[in-house]
Amino acid sequence: MFDFDKSFDVIVIGGGHAGCEAALISAKRGAKTLLITQSLDTIAQMSCNPSIGGIAKGQIVREIDALGGAMGKITDIAAVHYHMLNTGKGEAVWSPRVQCDKKIYQFAYKHFLEKQENLHILQDEATQILTKNGAVDGIVTLRQTKYKTKAVVLCSGTFLKGTIHVGKLMLGGGRYNDNAANFLSASLKDLGLKIGRLKTGTPMRINGKTVDFSKFTPQPSDNPYTPMSVFNRPVKKDFLQCFIGRTTDKTAEVLAEHAKESALYSGNINSIGPRYCPSIEDKAVKFPQNRHHPLFLEPEGLHTEEYYIQGFSTSMPEYVQYLLLRSVEGLEQAQIVRPGYAVEYDYVDPTCLTPALEVKNVSGLFFAGQINGTTGYEEAGGQGIIAGLNAALKVQEVEPLVLRRDESYIGVLIDDLVTKGVNEPYRMFTSRAEYRIMLRTDNADLRLTDYAFKYSLMPKEYEKYFQAYKEAVQLLEEDENAEINENNLGVWSLNVAKNTAKIQNKYKGYLDRNIKEAKALENADKIIIPDGFDPSEVKGILIESKQKLAKIQPKTLGQASRIPGLTPSDLQLILINIERFRREHNVK
Amino acid sequence: MYDMHDTIVAFATSNGGAVALLRLSGTLAYKILKELTKKNNFTPRRATLATIYDGDAVLDKVLSLYFKAPNSYTGEDLIEISMHAGPYIKSRILELCLMLGARMAKEGEFSQRAFLNGKMDLVEAQGVLDIISAKNKAAHKAAVNSLEGRLSGRFKEIRQELTDILSQVEVRIDDSDDEMQPLPQEEVKAKLFKVEKEAKDLADTFSSGRLVKEGIKVAICGLTNAGKSSLLNRLLGYNRAIVSSNAGTTRDTVEAPLSLLGFDLVLIDTAGIRLTVTDDAEIEGITRSRQAIKQADITIFVRDLTLKNNTEENKFFEEVRLNSKNLITVYNKADAVSSNKSTEGLSISAKTGQGLKELEQEIIKILDLSNISGQDMIITSATHHRALLHAACELKDAARKLTDLELCAEHLRAALKYLKELIGEVTTEDILDNIFSKFCVGK
Chain A
276 MFDFDKSFDV IVIGGGHAGC EAALISAKRG AKTLLITQSL DTIAQMSCNP
326 SIGGIAKGQI VREIDALGGA MGKITDIAAV HYHMLNTGKG EAVWSPRVQC
376 DKKIYQFAYK HFLEKQENLH ILQDEATQIL TKNGAVDGIV TLRQTKYKTK
426 AVVLCSGTFL KGTIHVGKLM LGGGRYNDNA ANFLSASLKD LGLKIGRLKT
476 GTPMRINGKT VDFSKFTPQP SDNPYTPMSV FNRPVKKDFL QCFIGRTTDK
526 TAEVLAEHAK ESALYSGNIN SIGPRYCPSI EDKAVKFPQN RHHPLFLEPE
576 GLHTEEYYIQ GFSTSMPEYV QYLLLRSVEG LEQAQIVRPG YAVEYDYVDP
626 TCLTPALEVK NVSGLFFAGQ INGTTGYEEA GGQGIIAGLN AALKVQEVEP
676 LVLRRDESYI GVLIDDLVTK GVNEPYRMFT SRAEYRIMLR TDNADLRLTD
726 YAFKYSLMPK EYEKYFQAYK EAVQLLEEDE NAEINENNLG VWSLNVAKNT
776 AKIQNKYKGY LDRNIKEAKA LENADKIIIP DGFDPSEVKG ILIESKQKLA
826 KIQPKTLGQA SRIPGLTPSD LQLILINIER FRREHNVK
Chain B
5 MYDMHDTIVA FATSNGGAVA LLRLSGTLAY KILKELTKKN NFTPRRATLA
55 TIYDGDAVLD KVLSLYFKAP NSYTGEDLIE ISMHAGPYIK SRILELCLML
105 GARMAKEGEF SQRAFLNGKM DLVEAQGVLD IISAKNKAAH KAAVNSLEGR
155 LSGRFKEIRQ ELTDILSQVE VRIDDSDDEM QPLPQEEVKA KLFKVEKEAK
205 DLADTFSSGR LVKEGIKVAI CGLTNAGKSS LLNRLLGYNR AIVSSNAGTT
255 RDTVEAPLSL LGFDLVLIDT AGIRLTVTDD AEIEGITRSR QAIKQADITI
305 FVRDLTLKNN TEENKFFEEV RLNSKNLITV YNKADAVSSN KSTEGLSISA
355 KTGQGLKELE QEIIKILDLS NISGQDMIIT SATHHRALLH AACELKDAAR
405 KLTDLELCAE HLRAALKYLK ELIGEVTTED ILDNIFSKFC VGK
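Top to bottom, those sequences are chains A and B.
So the first sequence is numbered by the numbering used here: it starts at 276 and just counts up by one.
So the second sequence is numbered by the numbering used here: it starts at 5 and just counts up by one.
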């Protein structure tokens, strides 16, 4: 065993979408950070679809951007196709989705990380988390090196004991042809954590040269387009096209005939996959009435003919995957370059976490991404930025940042995870947000960028621009012709301010109603459950409530109120007992 | 959501009694008092006579007390209003307070605030805790039991219908892959209209809702010449019915409104009953009388003290007894017989006014026991009534916004939130479960 001579503040394990955001923000916050990943060549790899954003997901990317994260900026660098979704509906639910060149995306991200101060990147695999007196002390790697650290952010994605399924074929791996991490789960179990299995899947990739595109409807990029990051302006770009087709009756027949051969229905996969984004065989079983499902051909990059087939996720044997392709008009001759597959992996029940994403019984251990039972690059990135920041803050002995449900989708996401747990891979939907009209893509910075300055995650000189921008939006709300000097806005844009002001006015009545409701929530969240006070021990609350409180260990009365099944009387009793506890123990 | 910054309201006195004490605590309490009384200045800690207005109409004359924070029982602005204890006035004033921004206080919540604001010590707080935990268990039991109830069945139906409609809207907002056809607007509109009507119908069953519209029906019946019309006039204080000693004078039912201690009554003078009638008009009148008796909330049967064990009267009394919801028997013409005659009911004299006060009290007693609201009416709480009306409004708005899905969803969510009080919360998971079970949702 080799003891590395330098100790770190924060070690981030895993270089996916959660790990990269976590490492960057931790380093930006000034913590000495190590990012450890199995392979530098797959850092920030887009393992599934070649796009960032989507409905509710695009909002999360904007929020990451507003907090000083990288996902939005990298997306703009790698973008080959922009599409604003939901434009047939109101601006409150508009969501950007951007097709990216996968290689440009991952290498641009790698470059960002390499340039970041305070950040050390290393190719190795973590095999053990070391603790001392219930707190993180270090990690051990596959190459038998010991690194000392005060905090760890674990972002293991689908790699913990990952198993790949193609029909009956089973291979170890976190991604096809990438090794699984087979040791770390045991270390987590030793720390007393509850581990479960989840499943997700990806469609086959085909060679575009073998596709008859004339049978598809082309979907060109929006042009002009809206950049993903507010810090970018539209530039002249080489766009690629996407293509829309549909499955046929023949597809349904193939699926019916070969259903039993899918890894999903052969008995090989027992873990739970998502009910949304189901594999094509799942769609056939669960929705037999819809026979024609839409398919999207999405280019994987500028320097490749590979296409991703959105909507065709499958774990059928390879020969059935060919039969499926042949059932689709235009794909009869399509050549598979990589088959679709399902992957099973270990996750940890996220109710073991505090709203800061720290493991309750292991001080300094933070989780982000699929290990918490989520799915999606954006959901991962959103957790990554919060876990990374909070790990750094922990080391610096600063209170963690916990975002509220009324100020961000990230807040909704984390609150749902730690308060309700998951029973399938968790994906964000706008329906999950109670304050949907408030949580828009156009106002992510108005909602969150003050935090970026509070925690020094953005250049200091931006602050005056941002204050001017906020004022500009307010003035424009009152008078759309208000005189604004764009020079004062710096990296913020006057056009965006005008647009935001217009949207705020359009939704005024609804926003007021949302804000009023959110106020009540905020008040309840301000009532902190003090350390040493165990709400599950309060006399008079229902037995079911006791069990839930013991498991979730809420941090605030607001969080307790969101635990399903707790009665108003339970909360009343807890509140009075908090006050009693405070008086008896003289705490404020 | 539990919130200790709301302004809370509740009666400090239980049902019954002539005077009720209403309490309001919180930042809005003083403002609500001012709006209720249309009066701008109250001196703290001084009992002030005031008039409570319902719009422009006078609801009641009351005695009010204003305690300014922190010098009050709860440590917040606290208002106490002593008022007449009629069920209608009581429920109406509660409704007005709710409309002005207060919410119903939970059990023990005034004391809880007193404790949280340092107005009560730990020992006293234990008493409050005991009350809440007892209620918690009882309410939980009641909730479990009422699951089988007829009423919760209807609430659940409404909730399911709304959940289905909201799911149809939400799935289209979250549909990234264009799996969904456009929203079938006419179909959804028809469904919304149906649920809106259901909510409204339920709201209309609210006792005061109905009583406000129609008044409490009090039928006066008895044999011809028993003095029904005289009693009506006596109660009204003016001559409404044609009074004549010619038997059978009142051939049609005569109605007259009467306000009794805040209750809106409709007195109905019915045609007298004779077993042998030949006059067609009189037969028609008697038929109407029988109908009026069946529809009345309270029936006053007027017996004639001067008649002794009259078979016709006994027979008719039996019929009325079987057909009325709340029966008061009075023995009229007490002035015409020796005073010590014992009767099982109330002796009155429509002529002199003897026993009238007692009769009025009988009526109030029946209203106070709320037998009236318990019989054919479903919604009994002002909060539920209000929730249903608000929900119905939201549904109407939702139907108007079918082309703006995100706004339509806001109204549907608001409707479900109002119904939370009646049927429990519909969480975002409930909606998503419903979506995933019905629709194919892509990435």
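Here a beta-carbon is modelled for each residue, glycine too, at the ideal position from N, C-alpha and C.
These figures come from a predicted structure and were not determined experimentally.
Three or more beta-carbon pairs separated by less than 8 Å are not found between the region 793-812 of chain A and the region 732-749 of chain A, which leaves the two stretches without contact. Legend: CB atoms of the region 104-122 of chain B lying less than 8 Å from CB atoms of chain A belong to residues 110, 111, 112, 113, 116, 119, 120. Under the 8 Å criterion on CB atoms, residue 705/A is classed as interfacial with respect to chain B.
In chain order, 602 place their CB closer than 6 Å to the CB of residue 523/A, counting only its own chain and leaving out the 5 sequence neighbours on each side. In the DSSP assignment, residue 359/A forms a beta bridge with 371/A.
Under the three-state reduction of DSSP, residue 633/A is assigned to strand.
When the beta-carbon positions are compared, residue 117/B and residue 78/B come within less than 8 Å of each other. Where residue 336/A is concerned, the enclosing alpha helix (DSSP H) starts and stops at 332-341.
Residue 126/B sits exposed, since fewer than 16 C-beta atoms from the chains shown fall within 10 Å of its C-beta. DSSP lists 24/B as the beta-bridge partner residues of residue 87/B.
Going by C-alpha positions, residue 780/A is about 27 Å away from residue 498/A.
Along the region 159-180 of chain B, going in chain order, the ones with a CB nearer than 7 Å to a CB of chain A are 174, 177, 178, 180. In the DSSP assignment, residue 444/A falls within the unbroken beta strand (DSSP E) covering 444-447. The three-state secondary structure of residue 798/A, taken from DSSP, is helix. Any Cβ of chain B closer than 8 Å to the Cβ of residue 281/A would place that residue at the interface, and such an atom is absent. Using a 10 angstroms sphere on the CB of residue 818/A, the tally of other CB atoms stays under 16, which defines it as exposed. According to the DSSP assignment, residue 225/B belongs to the beta strand (DSSP E) that extends over 220-226.
Residue 517/A is bridged by DSSP to 494/A. Taken atom to atom, the span from the alpha-carbon of residue 629/A to that of residue 693/A is near 6 Å. Residue pairing by DSSP places residue 261/B opposite 270/B in a beta bridge. By the neighbour-count criterion, in which 16 or more other beta carbons inside 10 Å mark a residue as buried, residue 326/B falls on the exposed side. In the three-state reduction of the DSSP assignment, residue 574/A falls in the strand class. For residue 336/B, the pairing in a beta bridge is given by DSSP as 308/B.
At a cut-off of 8 Å between C-beta atoms, residue 137/B counts as an interface residue with respect to chain A.
Between residue 106/B and residue 11/B, the C-beta gap is smaller than 8 Å, which places the two residues in contact. Between residue 351/B and residue 340/B, the C-beta spacing is not below 8 Å.
The Cβ-Cβ distance between residue 592/A and residue 437/A does not fall below 8 Å. Annotation note: the region 94-145 of chain B contains the following uninterrupted alpha helix (DSSP H) runs of length 4 or greater, listed N- to C-terminal: 113-120. In terms of Cα proximity to residue 832/A, the closest of 813/A, 800/A, 858/A is 800/A. Within chain A, no residue has its CB atom less than 7 Å from the CB of residue 334/B, the nearest being about 47 Å off. Think of a sphere of 8 Å around the beta carbon of residue 408/B: the chain A residues whose beta carbon falls inside it are 364, 365, in chain order.
Contact between residue 342/A and residue 726/A holds, since their C-beta atoms are separated by about 6 Å, short of 8 Å. DSSP, reduced to helix, strand and coil, places residue 181/B outside both helices and strands of the structure shown, so it counts as coil. Distance from the CA of residue 277/A to the CA of residue 283/A, rounded to the nearest whole angstrom, comes to 16 Å.
Beta-bridge annotation (DSSP): residue 59/B is not paired with any residue. Inclusion of residue 235/B and residue 262/B in the CB contact set at 8 Å is not warranted, their separation being larger than that value.
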